[in-house]
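In the UniProt record's numbering, the protein residues as written are 1 to 799.
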């Protein structure tokens, strides 16, 4: 049952940020777990809600947490079984101390709980049976010390009195030693007569003062002997000496002496420890039986015991040895043999990097078991760390942060704590603690460059990865867990690419076509998972690279549904004569669009040649009568890409003596299939028809003006023309219509580039003057009529 409540509350220190004080309680030992000690909240003047709000906690130097506080009601209760004898031994005052600490503001109170003894142990004797030899000649009043019983309780609960069973010769005398213990002695009250009674059986009973009282018993057997009637007598009833605790084994403590007035062997004395001397005394000291010298045998520790008091005996050498008794008191002198002890009572091994200065990291307790100056200690920590030591109370310190921390600069601190005493020489102790700096989200993800160029070949596989973008974040855990996303206002970009939010891999959602799109750009955002999250951006430029995926397309000469093109070549053409020109285009770029021309197949290979890069087809030699009138020429056009792509065109050449004569077999060369026209064919026919009509009307007017001139007109050009053969008879035109189609015609003239200005050179000769008029009309919609040039032998006119 609780025997004490809050007895005293003393405030020792009060500042703006720290309040210290002391509160004391008293409770009996062996209380059940959960037993009430006191209402610490009420005793400290606190509201119950403040315990949780201000992070109230108990900090103890003991290994066991003997007390706990119920944060719901402020009750201090017993948390562990408390055995006063185990905790404090025979000390009169036994207490447990701890610290009650609160934050905001920081308040620290020393809580001391005195443990009161209860009568939970019975007295006990070292032996259950003792033998005592007493001479029958011993006079009444002689005292015989008895071995004391032991009771681990203290105060009133320890041994109060000894009792002895009823007998005719002995009574019991009770004395109190210096340490307050009861010592029992047998006193002879009536002389002994061995002849009447040779031994006496007594029961010795030790009774404590507890409620209810407890007792222990031992049997004492007294043998009555006859001889030697003088016992040795010591020089002093009490021998007192002082001894340093650092004394080595074998050191002389004191020499005792006793004298026996008997003669002979009855006067020879031997020294012994009394039965009252404890086992601890026998472990620490030795007693020489002959010389009476007491020397150090074991290790002496002032912190364990400040003095040793024990009884000695001197026994003579009689048939029945007589014993003299004395006591020895050895006072122990303290020396500085204990280094300070450092204990970390509260320790936060991890401190956030955004913690404000003066943040509490640890509570440090420094103790020294020595006394006096040997027990005065000082403490400090290593320098060059962002922490400092503040003294809280005597031998208690606070370790707090001194400035703002940065985990990215230094994620860990190894702090050395040093403590030393004021002894001579001083002793010191070092202890190291490791403080980890925890991460906060103070760094945004960062890309290596503000912008990136991504080169992607066209015709890529949809879904394939085209680039991997990475942003770094020096933070830890979720603060460095970066996710990626695309930032763009162009909805089309979202259909082009996607990004893996976890690893930054960029994937193409479609196959790119260089001919449709050359490049595009967008922004990528990297955002961490911190709270609040931080982000960084970079710009990506996607550049489409051309591949050779387009074959050359023959632009000129035009073909109808894959049929061969018919060209008229005069049989009188000289070597190098420009017959026609093959024009092709390629939708690719660079080397992929660089075209070359070559003759793939020819009826007479030696008759024609083609320019490798110009595509111009010229006669390689003069035409002979042995050569077929119709020549078939296959021209291959290929690009310079890898792999090479190509196209071919087939051209039929008719070798004619007169350009105005038409070959009848040309009717079989073209087969019109209206259903197979493409959109491009339709556009070309419309353009060709309109252009031909305008050009035809212009030529008719020109021919009418110049027909009276006696010279030959030769139209030299490289183009597609429409021809009509007209005959003049008696001032009228007899028109014979030709095929309603377009033929490729090549005359004699200067070489011109296509596309561009088409030059027509008209040469007038006597041979041509005798023939019909020649009407020329361009079938190419791209021929600008304003650039047509007509050249004769005398002058050049521009229409």
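Positions of the beta carbon are idealized from the N, C-alpha and C atoms, including for glycine. From a predicted model like this one, the values you see are computed outputs, not experimental measurements.
Query raised in the report: Taking the alpha carbon of residue 425 as the point to measure from, which residue in 377, 555, 261 and 455 has its own alpha carbon closest?
Result: 377
Requested in this report: For residue 222, verify whether its CB is less than 7 Å away from any heavy atom of the ligand MG.
Outcome: What this structure holds is no ligand at all, so the ligand MG is not there to describe.
Query raised in the report: Are residue 365 and residue 415 touching if we call contact CB-CB under 8 Å?
Result: no
Query raised in the report: Do you know how far the Cα of residue 592 is from the Cα of residue 761?
Result: Since pLDDT at residue 761 reaches only 37, below the 50 mark, its modelled position is unreliable, and the value read off the structure follows with that caveat. Those two C-alpha atoms are separated by around 36 Å.
Query - Residues that residue 331 bridges to, as DSSP identifies them - result: 242 and 307
Query raised in the report: Is there contact between the stretch 358-374 and the stretch 389-405, where contact requires at least three CB pairs shorter than 8 Å?
Result: yes
**Report entry** Coarse secondary structure for residue 98, derived from DSSP in three states
**Finding:** strand
Query raised in the report: Does the stretch 29-43 come within contact of the stretch 104-124, defined as at least 3 CB pairs closer than 8 Å?
Result: yes
Query - Pair within 8 Å by beta-carbon distance, residue 444 and residue 535 - result: yes
Query raised in the report: When burial is assigned at 16 or more other CB atoms within 10 Å of the CB, is residue 223 buried or exposed?
Result: exposed
**Report entry** Coarse secondary structure for residue 164, derived from DSSP in three states
**Finding:** strand
Query raised in the report: Shortest alpha-carbon distance to residue 202 belongs to which of 491, 218, 395 and 586?
Result: 218
Query - Per DSSP, cross-strand counterpart(s) of residue 176 - result: 182
Query raised in the report: So what's residue 704 in DSSP terms, helix, strand or just coil?
Result: helix
Query - Same chain, Cβ closer than 7 Å to residue 347, neighbours up to 5 away in sequence not counted - result: 362 and 433
Report task. With a 10 Å radius around its C-beta and 16 neighbouring C-beta atoms as the bar for buried, classify residue 531 as buried or exposed. Result -> exposed
Query raised in the report: How big is the Cα-Cα spacing for residue 36 and residue 181?
Result: 33 Å
Query raised in the report: Which parts of the UniProt domain "Cadherin" (569-655) are runs of the beta strand (DSSP E), unbroken and 3 residues or longer, counting only runs that do not cross its ends?
Result: 578-581, 583-585, 595-602, 608-610, 616-619 and 630-639
Requested in this report: Please report the residue range of the alpha helix (DSSP H) in which residue 496 lies.
Outcome: 491-496
Query - Length of the line joining the Cα atoms of residue 325 and residue 282 - result: 17 Å
Query raised in the report: Anyone know if the C-beta pair for residue 77 and residue 68 falls short of 8 Å?
Result: yes
Report task. Please name the residue, chosen from 609, 615 and 632, that lies closest to residue 622 on a Cα-to-Cα basis. Result -> 609
Query raised in the report: When DSSP builds the beta bridges, which residues end up paired with residue 124?
Result: 150
Requested in this report: Return the chain-ordered list of same chain residues with a C-beta closer than 6 Å to the C-beta of residue 488, the five sequence neighbours on each side being excluded.
Outcome: 522
**Report entry** Bridge partner(s) assigned by DSSP for residue 141
**Finding:** The partner list for residue 141 (beta bridge, DSSP) is empty, contrary to what the question assumes.
Query raised in the report: How far does the alpha helix (DSSP H) with residue 87 in it reach, from first residue to last?
Result: 84-88
Requested in this report: Report yes if the CB atom of residue 614 is closer than 8 Å to the CB atom of residue 635, and no otherwise.
Outcome: no
Query - Contact belief for residue 566 with residue 584 at Cβ below 8 Å, rounded distance in angstroms - result: At roughly 19 Å, the Cβ-Cβ gap does not stay under 8 Å, so residue 566 and residue 584 are not in contact.
Report task. Compare the C-alpha of residue 427 against each of 374, 151 and 510 and name the closest. Result -> 374
Requested in this report: Could you tell me the distance, in whole angstroms, from the CA atom of residue 257 to the CA atom of residue 277?
Outcome: 18 Å
Query - Range of the contiguous beta strand (DSSP E) that encloses residue 398 - result: 396-401
**Report entry** Residue range of the alpha helix (DSSP H) that includes residue 540
**Finding:** No alpha helix (DSSP H) holds residue 540; the beta strand (DSSP E) holding it covers 535-545.
Query raised in the report: How would you label residue 148, buried or exposed, when you count the other beta carbons within 10 angstroms and need 16 or more for buried?
Result: buried
Query raised in the report: Is the beta carbon of residue 151 less than 8 Å from the beta carbon of residue 121?
Result: yes
**Report entry** N-terminal and C-terminal residue of the alpha helix (DSSP H) that residue 280 is part of
**Finding:** 279-284
Query raised in the report: Should the stretch 156-167 be called in touch with the stretch 206-214, which here means at least 3 C-beta pairs below 8 Å?
Result: yes
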